[in-house]
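The sequence shown lines up with residues 1 to 333 when you count with full-length UniProt numbering. The C-beta atom is built at its ideal place from N, Cα and C for all residues, glycine as well.
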Amino acid sequence: MVPESGNLLLAGRTGNGKSSTGNSILGDEIFTAVSSGGAEENNSPQKNSNGIFTVVDGTGIGDTGDDSIGGTTAALASTNLAFKLCDCVITALIFVLKFGVRFTKQEKDAVQRIKSLLGENIFKTHGVIVMTYGDNFNRSGDSLSFDSWCKQQSGDFKDLLIECNFRCVLFNNRSKDRTVQEEQRRHLLPCIGQLRTPYTLEDYQKASVRREEIDAKLKAFKQRSRQIDDNLTNRSYTSEREYIGALNDLRAHLHYLEVLDNYTGLMQDSIDSVKNLIAILENELLAMVANRRTKKISWKLIGILILVGATATFKYFDFNPLDILFSILRYAF
């Protein structure tokens, strides 16, 4: 079945070609595409239509470049806006990946982020993968068809393909050939047609439990983070005990972050920041311990040198140390 119309939500990491894919689907240069070295055309979702399909570029939904608290809050806001731009009905989630690039942890994190925002089964029920830079596949000289290539994949990418029931198409967004563009759309439409029902407000409300949970935890996290930041900013630790106490607090905070993240990748940037801070404090503590030991060794060495020097002096002047000690005691008392 080939759909005659629908609302398509584009998601994926910045630089994978979401905007160009939107243009290819619409058959017109409407979205402003940029190179992978830059940012997307806007920091919030954008909507365009050709009268048949409405395409929403869900900037911020699948991006993992900013996993900070502010970035996560922005992702929640972007998801709400994108869903409204789709008129609260999503025909298909178009997940954009770049052909010829390894399916990295960042891509996997993007998948988890989308699931945390739109529901655990969003790829299974409404996901279609579009792989951009299709000209690289054509230049590879491989005799395999793209469908056969997909079947040969492994690891996390294969798991995603299976989850999407191999709804995956290849796009060459660089091509200006109308025939190529039409053929790409002809491959995409049957994949969208496999989706039985659209993603509706009811589905979005079911997923809202997870979004509200994230939002509530973010508020608690912000308060806790401010307390720790204040303590660390004003730190002037003078003892090993103070350093150990601060490290214990940070490790507890790290555990809290990891529980909050729950393998979604939403907190990864904050987790890395805390780990980095722990490493800094550990190095400062080690330096303090080493300095203390050096001072002890230095005083012992000074004592030994004084003793050796005094002994040599007594021998040179033929003094008896005990005679000097008795003389001091006699005058003292």
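Please state whether the Cβ-Cβ distance between residue i and residue j is less than 8 Å.
i: Tyr-289; j: Glu-242; result: The sequence given here has Val at residue 289, not Tyr. No.
i: Val-128; j: Ile-94; result: yes
i: Ser-24; j: Gln-184; result: yes
i: Cys-88; j: Leu-201; result: yes
i: Tyr-133; j: Gly-100; result: yes
i: Arg-178; j: Asp-135; result: no
i: Gly-15; j: Asp-57; result: no
i: Leu-118; j: Thr-79; result: yes
Using the beta-carbon count (16 or more within 10 Å), is residue i buried or exposed?
i: Asp-67; result: Low per-residue confidence applies at Asp-67: pLDDT is 49, beneath 50, and the placement is therefore not dependable enough to give any value.
i: Gly-12; result: buried
i: Ser-20; result: buried
i: Ser-36; result: Here Ser-36 scores only 47 on pLDDT, less than 50, and its place in the model is too uncertain to base an answer on.
i: Ala-82; result: buried
i: Ala-92; result: buried
i: Lys-18; result: buried
i: Ile-214; result: buried
i: Gln-46; result: buried
To the nearest angstrom, how far is the alpha carbon of residue i from that of residue j?
i: Ser-148; j: Leu-97; result: 18 Å
i: Arg-186; j: Phe-137; result: 18 Å
i: Ser-116; j: His-126; result: 15 Å
i: Ile-192; j: Ser-270; result: 37 Å
i: Met-131; j: Asn-165; result: 15 Å
i: Asn-48; j: Gly-6; result: 12 Å
i: Leu-9; j: Tyr-256; result: 33 Å
i: Phe-123; j: Lys-219; result: 29 Å
i: Leu-188; j: Val-2; result: 9 Å
i: Ala-74; j: Gly-60; result: 7 Å
i: Leu-286; j: Tyr-237; result: 13 Å
i: Lys-84; j: Gly-245; result: 47 Å
i: Phe-103; j: Gly-62; result: 14 Å
i: Lys-206; j: Leu-161; result: 24 Å
i: Gln-153; j: Phe-146; result: 11 Å
i: Pro-190; j: Leu-281; result: 56 Å
i: Arg-113; j: Lys-176; result: 33 Å
Since residue i sits in a beta bridge, which residues does DSSP pair it with?
i: Met-288; result: DSSP output for Met-288 lists no bridge partner at all.
i: Asn-48; result: Val-55
i: Lys-98; result: Thr-132
i: Gly-6; result: Phe-53
i: Ile-90; result: Tyr-199
i: Gly-245; result: None, per the DSSP bridge assignment.
i: Val-169; result: Val-130
My understanding is that residue i touches residue j, with C-beta atoms under 8 Å, so please give their C-beta distance in whole angstroms.
i: Leu-254; j: Lys-275; result: 7 Å
i: Gln-181; j: Gly-27; result: 6 Å
Is residue i near the ligand SAH, going by C-beta to nearest heavy atom under 7 Å?
i: Arg-185; result: With respect to the ligand SAH, the structure shown offers nothing to examine, as it has no ligands at all.
Using 8 Å as the limit for Cβ to Cβ distance, is residue i near chain D?
i: Glu-258; result: Protein chain content of the structure displayed is limited to a single chain, and chain D is not contained in it.
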